[in-house]
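First up is the structure itself, then whatever we jot down about it.
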Amino acid sequence: MKTLSHFALASALALSLAAGAAGAADKPAAKTPAVAAKAAAPEKWPGLPPGAVEEFATMRDGVKLAANVFKPAGAGRWPVVMTRTAYLKDGRIDKEHDPDGAKMREGLVRQAKHYTDAGYVFVLQDTRGKGRSQGFYAAFENDIEDGYDSVEWAGTQPWSNGKVGLSGGSAMGITSDEAAMAAPPHLKAAYVIVAPFDLMRNSYINGVLKEKDVLGWMKGQGVSDDVLDQQRRRVADDVFWNRTAMSVNRKYIDIPIYNVGGWYDIFNHGNISNFEYLQNEGAKGARGNQKLLMGPFGHGALSGGLEYPGFDQLRLSSEQEIRWFDYWLKGIDNGIMAEPPVTYFMMAAAEKGHISPKNRVLTSANWPPANREVRFYLTPGKTLSEKAPTAETEKLTYRYDPAHPVQTVGGANLTFERGPMDQRAIGKREDYLRFETPALDKDVVIAGPVKVELFGATDGKDTDFMAKLVDVYPDGYEALVLDAPIRARFRGGRMPDEVKMMTPNAPEELDIDMWSTAITFEKGHRIALHITSSNAPRFEVNPNTGEAAGSHKLPPRVATNSVYMDASHPSALVLPVIYPDDPKANP
Numbered sequence: 203m204k205t206l207s208h209f210a211l212a213s214a215l216a217l218s219l220a221a222g223a224a225g226a227a228d229k230p231a232a233k234t235p236a237v238a239a240k241a242a243a244p245e246k247w248p249g250l251p252p253g254a255v256e257e258f259a260t261m262r263d264g265v266k267l268a269a270n271v272f273k274p275a276g277a278g279r280w281p282v283v284m285t286r287t288a289y290l291k292d293g294r295i296d297k298e299h300d301p302d303g304a305k306m307r308e309g310l311v312r313q314a315k316h317y318t319d320a321g322y323v324f325v326l327q328d329t330r331g332k333g334r335s336q337g338f339y340a341a342f343e344n345d346i347e348d349g350y351d352s353v354e355w356a357g358t359q360p361w362s363n364g365k366v367g368l369s370g371g372s373a374m375g376i377t378s379d380e381a382a383m384a385a386p387p388h389l390k391a392a393y394v395i396v397a398p399f400d401l402m403r404n405s406y407i408n409g410v411l412k413e414k415d416v417l418g419w420m421k422g423q424g425v426s427d428d429v430l431d432q433q434r435r436r437v438a439d440d441v442f443w444n445r446t447a448m449s450v451n452r453k454y455i456d457i458p459i460y461n462v463g464g465w466y467d468i469f470n471h472g473n474i475s476n477f478e479y480l481q482n483e484g485a486k487g488a489r490g491n492q493k494l495l496m497g498p499f500g501h502g503a504l505s506g507g508l509e510y511p512g513f514d515q516l517r518l519s520s521e522q523e524i525r526w527f528d529y530w531l532k533g534i535d536n537g538i539m540a541e542p543p544v545t546y547f548m549m550a551a552a553e554k555g556h557i558s559p560k561n562r563v564l565t566s567a568n569w570p571p572a573n574r575e576v577r578f579y580l581t582p583g584k585t586l587s588e589k590a591p592t593a594e595t596e597k598l599t600y601r602y603d604p605a606h607p608v609q610t611v612g613g614a615n616l617t618f619e620r621g622p623m624d625q626r627a628i629g630k631r632e633d634y635l636r637f638e639t640p641a642l643d644k645d646v647v648i649a650g651p652v653k654v655e656l657f658g659a660t661d662g663k664d665t666d667f668m669a670k671l672v673d674v675y676p677d678g679y680e681a682l683v684l685d686a687p688i689r690a691r692f693r694g695g696r697m698p699d700e701v702k703m704m705t706p707n708a709p710e711e712l713d714i715d716m717w718s719t720a721i722t723f724e725k726g727h728r729i730a731l732h733i734t735s736s737n738a739p740r741f742e743v744n745p746n747t748g749e750a751a752g753s754h755k756l757p758p759r760v761a762t763n764s765v766y767m768d769a770s771h772p773s774a775l776v777l778p779v780i781y782p783d784d785p786k787a788n789p
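Be aware that the sequence shown starts at 203, since it is given in this note's numbering, and climbs by one per residue.
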């Protein structure tokens, strides 16, 4: 995808940056000047990419933010597409010693040409404290106010016709969303790629920290162990997270947004959640004017033995973005709003060299598509059955040793291997339970949110449970579709008064939100649910002590964990089954 490749190269890990900034809330406030001491910008900055003019926007506190302005040929006023980046508007300029930096700069020029050729001014702005911009950098902490001021500046320049659109992916998707929450009058539309709806919930999925993609990345940037420990403690819901959270503030967005996400992306749930809310519950200018595109990609190239060549990411993203802005910024009635609001890729069997024709693009009037919740109940024989259990007491028990966690094999990762990798690599373990249906006698097609209603128990105060939705191929390949954890103490929520330790050996319901997907489990395949208590280094390993997050006073302990599956505790995988009008889908 044009935008994904550029932003993945430039952005690295947006949620980690935000997590680091939020972690600063645990420390005494630093005394920082409103404007950093910097030399005045020269009239001509030699680091500009070809075709750019550097201009400065003054924020409400006097800080000046630098932007590269690329204009179409000729004279006039044009609509504006703006991207606000923490990753250097000029790229890296040492061509001789940094060939990747040279490629990055070439990518910036191509990106600008994409817009100027279509008749837009493209404005690429360094966020506060980054690149050529003044001020102190605190990831995403100033981007509501700065986003408002920057849009209003762009909308009132001599080269602007007063209509501004925001575009960006990953970190730049976050800055776009934050500016949209401020509702600047000149902002008319946005195109947001792979961005979250809530950074807290993306950093700590169901209360479990994404170890490698958050702390591992931060440590690689030289962050001290003290700050990393502070970050571990940032798991609870609080005002610092919510000041900039889309989940809290998207009610103020009053513009159309085209959200683009990936089934294996780290922000899968973000684009979907933002679309769902804005389309159905948003402010007047947003409600009913949203679009969603979901494809079979991750935050980088997929790993493993599957591929999805039928999805033309470049065409769907690039062409749709210009059509979107043409409609909302130029008033061109190109038919885009007459098309279904949701376009999504229905995945199917996709082993390399053996791609099923049931991999295809579908559309829907909303998300999720109309579906029926079908429960596949866990059984003591490690099968999945559509028949509810009737036994009085049934459970499977295993010992979870935090010193020997289950290894991560794929998933929605950024900094290491990602996607639908083969779970057979994990091998057979006593603490890894595989539940499977028999080989399917017909296709099972799902599209929408997946969840696991798990009844679990532990012999201590706290532990984790991990769930994986897996497509088992006839040749045995165990393709990971979705995975998610839950920390037992957060089964009731993340607000301080909702946190509750477990009663030893007493089963409790732990509902695991697995996020959404769209996949056809084809005839002859098996639907599988894998249950365990660790997935490292994707997620932090729970020491089973019940200590507060970030505390290391007690030694880790081996937990005895149980999964219940009886009439009073019917643990189940819940799938959103759809019935598409397609003879290929249901032979």
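Backbone N, C-alpha and C fix where the C-beta goes; we use that ideal spot for every residue, glycine too.
Length of the line joining the Cα atoms of Gly-371 and Ile-534
For Gly-371 and Ile-534, the distance between alpha carbons rounds to 25 Å.
Specify the secondary structure class of Gln-609 as computed by DSSP and reduced to three states.
strand
Whose C-alpha, out of Asn-270, Ser-770, Ile-780 and Phe-723, is nearest the C-alpha of Thr-595?
Ser-770
How would you call Ala-593, buried or exposed, if buried means at least 16 neighbouring beta carbons within 10 angstroms?
exposed
From this set, Gly-321, Lys-390 and Gln-327, which residue's C-alpha is nearest Lys-486's C-alpha?
The candidate whose alpha carbon is nearest that of Lys-486 is Lys-390.
Tell me the rounded alpha-carbon separation between Lys-332 and Ile-714.
38 Å
Sequence-distant residues of the same chain with beta carbon closer than 6 Å to Thr-660, five excluded per side
Excluding residues within five positions, the ones whose Cβ falls inside 6 Å are Met-704, Ala-761 and Asn-763.
Assign Met-554 to buried or exposed, taking buried as 16 or more other Cβ atoms, counted over all protein chains shown, within 10 Å of its Cβ.
Residue identity check: residue 554 is Lys in the sequence provided, not Met. Result: exposed.
Mind reading off the beta-carbon distance from Ile-688 to Asn-470? Whole number of angstroms is fine, and I expect it under 8 Å.
Rounded, the Cβ-Cβ distance is 17 Å, inconsistent with contact.
For Val-311, name the three-state secondary structure that DSSP assigns.
helix
Cα-Cα separation, Arg-199 to Met-623:
Coverage of the chain is limited to positions 203 through 789, which leaves residue 199 absent and any answer about it impossible.
Using only CA atoms, which one of Gly-249, Lys-412, Pro-571 and Tyr-454 lies nearest to Ile-474?
Pro-571
Please classify Gly-222: does DSSP put it in a helix, a strand, or coil?
Low confidence applies here, because Gly-222 scores a pLDDT of 39, under 50, leaving its location unreliable; read the following figure in that light. Correct three-state label for Gly-222: helix.
Output needed for Glu-478: all residues of its chain with C-beta closer than 7 Å, excluding positions within five of it in sequence on either side, in chain order.
Trp-569
So is Met-697 buried or exposed if we call it buried at 16+ other beta carbons inside 10 Å?
exposed
Take Pro-251 as the anchor and find which of Val-282, Ala-320, Ala-259 and Val-325 has the nearest alpha-carbon.
Val-325
Rounded to whole angstroms, what's the CA-CA distance from Asn-461 to Val-394? Just pull it up for me.
5 Å
Mind checking which residues open and close the alpha helix (DSSP H) that includes Val-441?
That run of the alpha helix (DSSP H) goes 441-444.
Is DSSP giving Asn-363 helix, strand or coil here?
DSSP places Asn-363 within a strand segment (E or B) once states are collapsed to three.
Who are the Cβ neighbours of Leu-775 in its own chain at under 6 Å, not counting the five residues just before and after it?
Excluding residues within five positions, the ones whose Cβ falls inside 6 Å are Phe-578, Val-654 and Leu-731.
Can you tell me whether Ala-212 is helix, strand or coil according to DSSP?
Per-residue confidence for Ala-212 stands at a pLDDT of 34, beneath the threshold of 50, marking its modelled position as unreliable; the derived number appears in the next sentence. Ala-212: helix per DSSP, three-state reduction.
May I ask you to list the residues that DSSP assigns as paired with Leu-250?
Looking at the DSSP assignment, Leu-250 forms no beta bridge with any residue, so it has no partner.
In chain order, each alpha helix (DSSP H) run of at least 4 residues that lies wholly inside the region 494-539
515-532
Three-way DSSP call (helix, strand, coil) for Tyr-460 in this model:
strand
Below 7 Å, is the gap between the Cβ of Asn-363 and the nearest heavy atom of the ligand SAH?
No copy of the ligand SAH occurs in the structure displayed, which carries no ligand at all.
Other residues of its chain near Asp-400: CB distance less than 7 Å, five sequence neighbours each side excluded:
Ala-447, Met-448 and Ser-449
Alpha-carbon spacing of Ala-641 relative to Ala-627, whole angstroms:
21 Å
Nearest to Arg-330 (by Cα), restricted to the options Gly-695, Val-563 and Val-265:
Val-265
Should His-316 go down as buried or exposed, given a rule of 16 or more other Cβ atoms within 10 Å for buried?
Per the 10 Å Cβ criterion, buried.
In angstroms with no decimal places, state the Cα-to-Cα distance between Asp-345 and Gly-367.
C-alpha separation (whole angstroms): 16 Å.
Buried or exposed, going by whether 16 or more other CB atoms sit within 10 Å of the CB of Val-611?
buried
Indicate the three-state DSSP secondary structure (helix, strand or coil) for Ala-236 in the structure shown.
With a pLDDT of 39 at Ala-236, under the threshold of 50, the modelled position of that residue is not reliable, and the figure given next carries that caveat. DSSP places Ala-236 in coil when its eight states are reduced to three.
Taking all protein chains shown into account, do 16 or more other C-beta atoms lie within 10 angstroms of the C-beta of Thr-599, making it buried, or fewer, making it exposed?
exposed
Taking 8 Å as the cut-off, decide whether the C-beta atoms of Gln-327 and Leu-267 are in contact.
yes
Can you list, in chain order, the residues of its chain with a C-beta nearer than 7 Å to that of Pro-542? Leave out the 5 residues immediately preceding and following it.
Thr-565, Ser-566 and Ala-567
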